[in-house]
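Inspection log for the structure reproduced underneath, given as structure tokens.
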Amino acid sequence: MRSPNGTYQIMNPEIFNAAFLSFSLIFVGIGGGFLLLKLQGREE
Numbered sequence: 001m002r003s004p005n006g007t008y009q010i011m012n013p014e015i016f017n018a019a020f021l022s023f024s025l026i027f028v029g030i031g032g033g034f035l036l037l038k039l040q041g042r043e044e
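Below is the structure:
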């Protein structure tokens, strides 16, 4: 009943790439905002 491709059919490369891209964008946004806050705190 279990086909070898059955489990991996759900994980499409396109969906995985989109999720990875959005996750990296969120991570970069949070990191960038935190860095900006630290820089602003030092300048004042």
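Take the sequence shown: its letters are residues 1 to 44, numbered as in our numbering.
For each residue, glycine too, the CB sits at the ideal point set by N, CA and C.
Just so we're clear, the structure is a prediction, and the values are computed from it rather than from any experiment.
Per DSSP, what kind of secondary structure is residue i in: helix, strand or coil?
{"i": "Asn12", "result": "coil"}
Give the straight-line distance between the Cα atoms of residue i and residue j, rounded to the nearest whole angstrom.
{"i": "Phe20", "j": "Lys38", "result": "27 angstroms"}
{"i": "Gly33", "j": "Asn12", "result": "32 angstroms"}
{"i": "Gln40", "j": "Ala18", "result": "33 angstroms"}
{"i": "Glu14", "j": "Phe27", "result": "20 angstroms"}
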